[in-house]
Amino acid sequence: MSQKNQLLKKGLQSAAIIGGSLAYLYFQNYQLGKTHYLVESPRYGGGLEGVKIAHLSDLNFPDQRVKVVDILKAVKEEEVDLIAITGNLIHPEKAFDRQELAVFIKQLANLAPVFYVSGSNEVKSPYSHLMEELLRQAGVGVLHDQAQTISLNGQDLVVMGLAEKPGRHFLKGDALRFLPLEADQLALPKILLAHHPEAFLRYHESIEKSPDLVLSGHAQGGQIRIPGLGGLYASDQGHLPQYTEGVFRLPGDQYKCLVISRGIGAPKWHVRFNNQAELVVVQLTASKEAFLERELAETDREIAAYGGLSWKQAKAILNNEVDEQLAAQTAQADLVPAKSAREAETLAITGPYQDQSTKYLSIKEESDEV
Numbered sequence: 026m027s028q029k030n031q032l033l034k035k036g037l038q039s040a041a042i043i044g045g046s047l048a049y050l051y052f053q054n055y056q057l058g059k060t061h062y063l064v065e066s067p068r069y070g071g072g073l074e075g076v077k078i079a080h081l082s083d084l085n086f087p088d089q090r091v092k093v094v095d096i097l098k099a100v101k102e103e104e105v106d107l108i109a110i111t112g113n114l115i116h117p118e119k120a121f122d123r124q125e126l127a128v129f130i131k132q133l134a135n136l137a138p139v140f141y142v143s144g145s146n147e148v149k150s151p152y153s154h155l156m157e158e159l160l161r162q163a164g165v166g167v168l169h170d171q172a173q174t175i176s177l178n179g180q181d182l183v184v185m186g187l188a189e190k191p192g193r194h195f196l197k198g199d200a201l202r203f204l205p206l207e208a209d210q211l212a213l214p215k216i217l218l219a220h221h222p223e224a225f226l227r228y229h230e231s232i233e234k235s236p237d238l239v240l241s242g243h244a245q246g247g248q249i250r251i252p253g254l255g256g257l258y259a260s261d262q263g264h265l266p267q268y269t270e271g272v273f274r275l276p277g278d279q280y281k282c283l284v285i286s287r288g289i290g291a292p293k294w295h296v297r298f299n300n301q302a303e304l305v306v307v308q309l310t311a312s313k314e315a316f317l318e319r320e321l322a323e324t325d326r327e328i329a330a331y332g333g334l335s336w337k338q339a340k341a342i343l344n345n346e347v348d349e350q351l352a353a354q355t356a357q358a359d360l361v362p363a364k365s366a367r368e369a370e371t372l373a374i375t376g377p378y379q380d381q382s383t384k385y386l387s388i389k390e391e392s393d394e395v
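Terminal number for the sequence shown in my numbering: 395, no gaps in between.
In C-alpha cells, the structure reads:
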C-alpha cells in the first residue's frame, strides 16, 4: 500500500472515531433516557399499589438541551400518577424563555399533579420569583418547607418539600426541623422532595417525620461516569461522590430509600459522558409478589383486548390437558399385567393398580406354599 493510501486510511479511521464520539456525546446530552425503579414497602398497599411517579431534576432552563416536546412525550407515555421536580429547574444566572417554560409546566400539569421544590440554582437566580409565579399559575404545588396531603386511588399520601436555603447549614442535624407536619400526617406514607442527596441520612433524624421515599437530584450523575467507578465529581460531595444516581436504602430499614436522578440539563462541566440525561420513573408496590400479580393481570387485560387467552385461562387449559394425559396413561397401564411378583408388590401400594395388585399377590402366595 502506498504512503498516500495509508494516510488516507488513517484519516478515514480518525474521522470515523471522531464522528462516532461526537454522535455519542450528542446522544448523551441531547437525547432523553428513561430509568425505572420499583420501590417496595408494606406502606404502599391499597390505593398506592402501582402508583407511578415521574421524577424530573436539574433541567436548568434555558440550558435544558433535551427538547421540551421530548420530555413531555416521555412523561405522557408513562401514564404517571404524580410528577416531582426536585430543584434546579432554571439556570442560576441566565434568563429563561417565559413562554417556553409556561407552556412546558402547563402541559406537565395536564398529565398529573405536579410538585416542585427549589434547588441551589434557584437561590442564586434573580428570576426565581418569576419562575415560581408561572408554576403557581399552572397549578403546581410549590413546597417551601411544607407538606401537602393528597389522595391517590382513595389512599392518602403526604408530599413534603424541603426548600433550598443559602449556605448548607439547614442540612446539618435534623434537616427537616424547618418542615412542620400536622398530627394526622405523621402516620401516613410520606414522600420527601429534597434537592440534596448527600443529606439522605439527615432527612431521617426525626423518627416521626422520617419519609418513606426521598427524591433528589443535584449531583447530575457525577458529570462524567467511569464504568465500575461511577461519577467523577458532584457539587457538595467532591471527587468520586457516593450519591449520584440510583437507589439507596436507609441502614436498618430496607423499606426507606432514596432515589436520585442524574438530571436533564447541562451539568457544571457542560458535558455529559456515559451519563445520559434521564427521566426517572418510580413505581410503588407493597411487595414484589403484589407487583408481579398486578403485571400479570395487566398483561391478561391487554391480551384479552385482542381476543387472546389470559394467563389464568391458558394455565387452566394446560392443567386440564395434563390431567387428561395422565388419565389416559393410567387407563392404558391398567391393561398391562405385571411381569413379576416384585412388580405386583410395588403395584399394591398404588391406587390405579389396586385390583391387579390383589390378583398378583394371591398368585405369589400360592407359589410360596408350593
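A virtual CB, placed ideally from N, CA and C, is assigned to each residue, including glycine.
For the alpha helix (DSSP H) that contains residue i, what are its first and last residues?
i	result
residue 132	123-136
residue 313	313-330
residue 159	153-162
residue 148	145-149
Less than 8 Å separating the beta-carbons of residue i and residue j?
i	j	result
residue 109	residue 143	no
residue 286	residue 305	yes
residue 186	residue 140	yes
residue 256	residue 288	no
residue 406	residue 72	This structure cannot speak to residue 406, because the chain is shown only from 26 to 395.
residue 90	residue 259	no
residue 138	residue 78	no
residue 146	residue 116	yes
residue 164	residue 208	no
residue 214	residue 244	no
residue 220	residue 113	yes
residue 76	residue 177	yes
residue 240	residue 216	yes
residue 248	residue 63	no
residue 310	residue 74	yes
residue 13	residue 118	Since the displayed the chain opens at 26 and closes at 395, residue 13 lies outside it and no answer follows.
residue 290	residue 88	yes
residue 155	residue 105	no
residue 111	residue 218	yes
residue 184	residue 210	no
residue 250	residue 298	yes
residue 234	residue 275	no
Which stretch, first to last residue, makes up the beta strand (DSSP E) that contains residue i?
i	result
residue 176	171-177
residue 216	215-219
residue 241	238-241
residue 140	139-142
Name the DSSP beta bridge partners of residue i, please?
i	result
residue 181	176
residue 308	63 and 77
residue 115	86
residue 167	141
residue 229	Bridge partners of residue 229: none, in fact.
residue 303	58
residue 250	256
residue 271	285
residue 263	259
residue 187	219
| Inside the segment 275-300 only - beta strand (DSSP E) runs reaching at least 3 residues | Entirely contained in the segment 275-300, the beta strand (DSSP E) runs reaching 3 residues are, in chain order, 278-285.
### contact_flag[the segment 64-74, the segment 94-104] where n(CB pairs < 8 Å) is 3 or more
no
**Prompt:** Okay, do the segment 266-283 and the segment 196-209 touch, 3+ Cβ pairs below 8 Å being the bar?
**Reply:** Output reads no: the segment 196-209 does not touch the segment 266-283.
Looking at C-beta atoms only, is the number of pairs between the segment 275-282 and the segment 71-84 that lie closer than 8 Å three or more? Under the 8 Å Cβ criterion, the segment 275-282 does not count as touching the segment 71-84, having fewer than three qualifying pairs.
Notebook entry, point to check: Quick one: any contact between the segment 169-177 and the segment 114-133, if contact means 3 or more CB pairs under 8 Å?
Noted result: As far as the Cβ criterion goes, the segment 169-177 does not touch the segment 114-133, which means the pair count is below three.
Could I get the ranges of all uninterrupted beta strand (DSSP E) runs contained in the segment 78-113, with 3 residues as the minimum, in chain order?
-> 107-111
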